[in-house]
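**Q** The structure under discussion is supplied below as structure tokens; questions concerning it will follow.
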Amino acid sequence: MKNKHISKRKEQINWEYLIPPQIGIVTMAYGPAGVGKTKTIETLAKARERRWIRTPLPARQPEDIGGYPDKKDIVIEGSVHQVIKMVELEEMVRARLQHSVMLIDEFTSVSDATQAAALTWMDNPPANCWVFAAGNRMDQATNGNPLAEPMINRMCIVDWKVDKSKWIEGMTKGSGIEFPAPDVPLVTDGWEESAKFFSHQVTEFLFGKHVQSKPEYFIKENSDEDRGKPFPTMRSWTNLAKSLGAATTVGANKSVMLAIAGGFVGEHIAHEFLDFLEVSEYVDPETLLSDPQEVKMPQSVQLVMSYVSSVLRRVKEDLTERRWENARLFLGTVYKTHPDIARQYEAKLWQMKPDGHTPEIHPSLAEMEQERIGIK
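Set out below in structure tokens:
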């Protein structure tokens, strides 16, 4: 059963970039110069009648974003104290106080200090301002400086897609002078209701009592080889649920939803989560343990692995001799259709064997367990 929250509409170019900032979450697009990023964001500002602010980061100092120090007298309990207050640039004040759209450009071409100053805007964008970021990947950026992991985890990281059809139309029908406005999805009121659905689905995906739950994906820091890519934390899962709720209100298709999810928690986990949304029936591992020899295995290898890992996880959480034996019988059922998977997990199950327990003899498991000492 397909999920009703995912649209079938196609050709939604860069929607994954345009949607999250409308609900207060910054997106960062990697892409070369001259491919329409600035024009598209400017069009969004005009469509919503918001002030347009472009901030080229290499032309800014950290103080331009965080504010310049100035002296100020304050009175506390009758005594005057001299303190420092921060005076902001005009564009930053307007971004806070006026309905506006800001593009922080060339994000990967500045120092750590300037990136760190911009972090405050990524973490908590002004309520009145939709904040976008853009930059080149390291092999294209001038004086390239990769984004730090805390910065990445506060944004939705996507790749910019070139809208060739709009450019061709402008070059032909518009004679290279007038170009059609890009399609801009405008998030409508009420997106919070859809976000509630996705919030529930996120918790079910991570901690539900079914074979597809993935608690190991709750918080998963990047390995050294994955530095610079999105990764799951409480923050990114929360932002993902909100953004998918907003995407639903504009009829985003599965490609857009997948790109949004990947931009927060990483591509591989995003695929698993979107697949989870389309499954209509979830099996409780306790059901598999209660009648382990009568389980009908699904066709999907990935789902079979989810069955096995969830059963072993549940047995480990509540380990008894009977439950351990039932897990053995369950692996025997898996072995009939997916022997490689059964052998892959068999050693993990035997590592969990209750202390002092003598394994029962199950003739049906002889082939699978033939290498086990004492099992014939």
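To convert, count from 1 in the sequence shown and add 69; that's the numbering used here. Cβ atoms here follow ideal geometry from the backbone N, Cα and C, with glycine treated the same way.
1) Beta carbon of GLU85, beta carbon of ILE329: below 7 Å?
2) Let me know if MET240 comes out buried or exposed under the rule of 16 or more other beta-carbons within 10 Å of its beta-carbon.
3) Does the Cβ of MET303 have 16 or more other Cβ atoms within 10 Å, making it buried, or fewer, making it exposed?
4) Cβ of GLY331 within 6 Å of any heavy atom in the ligand HEM?
5) Please report the straight-line C-alpha distance between VAL372 and ALA396, rounded to a whole angstrom.
6) Which residue from LYS405, ALA416, TRP393 puts its Cα closest to that of THR427?
7) Among GLY147, ALA186, ARG165, ASN205, which has the Cα closest to the Cα of ASP174?
8) Any chance you could list the alpha helix (DSSP H) runs of at least 4 consecutive residues sitting entirely within the region 154-215, in chain order?
9) Could you name each continuous alpha helix (DSSP H) segment of 4 residues or more that falls completely within the region 377-428, going from the start of the chain to the end?
10) According to DSSP, TRP260 sits in a beta bridge with which residue or residues?
11) Which residues does DSSP pair with MET97 in a beta bridge?
12) Spatial neighbours of ASP228 within its chain, please: CB distance less than 6 Å, with the 5 preceding and 5 following residues excluded, ordered by chain position.
13) Following the continuous alpha helix (DSSP H) through PRO219, name the residue where it begins and the one where it ends.
14) Looking only at its own chain, which residues have a Cβ that is under 8 Å from the Cβ of VAL380, when we skip the five neighbours before and after it?
15) Quick one, are the C-beta atoms of PHE267 and GLY314 less than 7 Å apart?
16) Restricting to Cα atoms, I'd like to know which of ALA416, HIS337, GLY105 is closest to PHE248.
17) Along the beta strand (DSSP E) that carries ILE237, what are the first and last residues, could you check?
18) Take MET191 as the anchor and find which of GLY213, ILE221, ASN197, SER180 has the nearest alpha-carbon.
19) Just curious, the beta strand (DSSP E) that PRO125 is in, first and last residue?
20) Identify the continuous alpha helix (DSSP H) that holds LYS106 and give its terminal residues.
21) Using a threshold of 7 Å, state whether the C-beta atoms of VAL384 and VAL403 are closer than that.
22) Excluding the 5 residues flanking TRP199 on each side, which residues of the same chain have their C-beta closer than 6 Å to its C-beta?
**A** Result, derived from the coordinates:
1) Taking the first residue of the sequence shown as 1, we reach residue 85 at position 16. Taking the first residue of the sequence shown as 1, we reach residue 329 at position 260. Using a Cβ distance threshold of 7 Å, GLU85 and ILE329 count as a contacting pair.
2) Counting from one through the sequence shown, the residue named residue 240 turns up at place 171. So MET240 counts as exposed.
3) Mapped onto the sequence shown, residue 303 falls at position 234. Flag for MET303 reads exposed.
4) Questions concerning the ligand HEM fall outside what the structure shown contains, since it holds no ligand whatsoever.
5) The residue labelled residue 372 in the question sits at position 303 within the sequence shown. The residue labelled residue 396 in the question sits at position 327 within the sequence shown. It is Leu, not Val, that sits at residue 372 in the sequence shown. Those two C-alpha atoms are separated by around 17 Å.
6) As a working note, residue 427 is residue 358 in the sequence shown. In terms of CA proximity to THR427, TRP393 leads the group LYS405, ALA416, TRP393.
7) Indexing the sequence shown from 1 puts residue 174 at position 105. Scanning GLY147, ALA186, ARG165, ASN205 for the CA closest to the CA of ASP174 turns up ASN205.
8) The DSSP assignment places complete alpha helix (DSSP H) segments of no fewer than 4 residues inside the region 154-215 at 159-166, 181-192, in order along the chain.
9) Counting only runs of 4 or more, we get 390-406, 408-420.
10) For the purposes of this step, residue 260 is taken as the residue at position 191 of the sequence shown. In DSSP, TRP260 forms no bridge with anything.
11) Translated into the one-based positions of the sequence shown, residue 97 becomes position 28. Beta-bridge pairing links MET97 to ALA202, ILE226.
12) Along the sequence shown, read from residue 1 onward, the residue named residue 228 stands at position 159. TYR99, listed in sequence order.
13) Translated into the one-based positions of the sequence shown, residue 219 becomes position 150. Looking at the DSSP string, the run of the alpha helix (DSSP H) that includes PRO219 is 218-221.
14) Here residue 380 is taken as the residue at index 311 of the sequence shown, counted from 1. These residues qualify, in order along the chain: VAL280, PRO354, LEU357, LEU358, ALA396, PHE399.
15) Counting from 1 along the sequence shown, the entry for residue 267 is found at position 198. Counting from 1 along the sequence shown, the entry for residue 314 is found at position 245. In this structure, PHE267 lies near GLY314, with their beta-carbon atoms less than 7 Å apart.
16) Counting from 1 along the sequence shown, the entry for residue 248 is found at position 179. Comparing Cα-Cα distances from PHE248 to each of ALA416, HIS337, GLY105, the minimum goes to GLY105.
17) Residue 237 sits at position 168 when you count from the first residue of the sequence shown. Element bounds for ILE237: not the beta strand (DSSP E) but the alpha helix (DSSP H), 233-241.
18) By 1-based counting over the sequence shown, the position of residue 191 is 122. It is ILE221.
19) One-based indexing of the sequence shown puts residue 125 at position 56. Unbroken beta strand (DSSP E) run through PRO125: 120-125.
20) Here residue 106 refers to the residue found at position 37 when the sequence shown is read from its first residue. Where LYS106 is concerned, the enclosing alpha helix (DSSP H) stretches over 106-116.
21) Along the sequence shown, read from residue 1 onward, the residue named residue 384 stands at position 315. Along the sequence shown, read from residue 1 onward, the residue named residue 403 stands at position 334. VAL403 sits away from VAL384, with the two beta carbons spaced by 7 Å or more.
22) Taking the first residue of the sequence shown as 1, we reach residue 199 at position 130. Cβ within range, chain order: PRO90, GLN91, VAL170.
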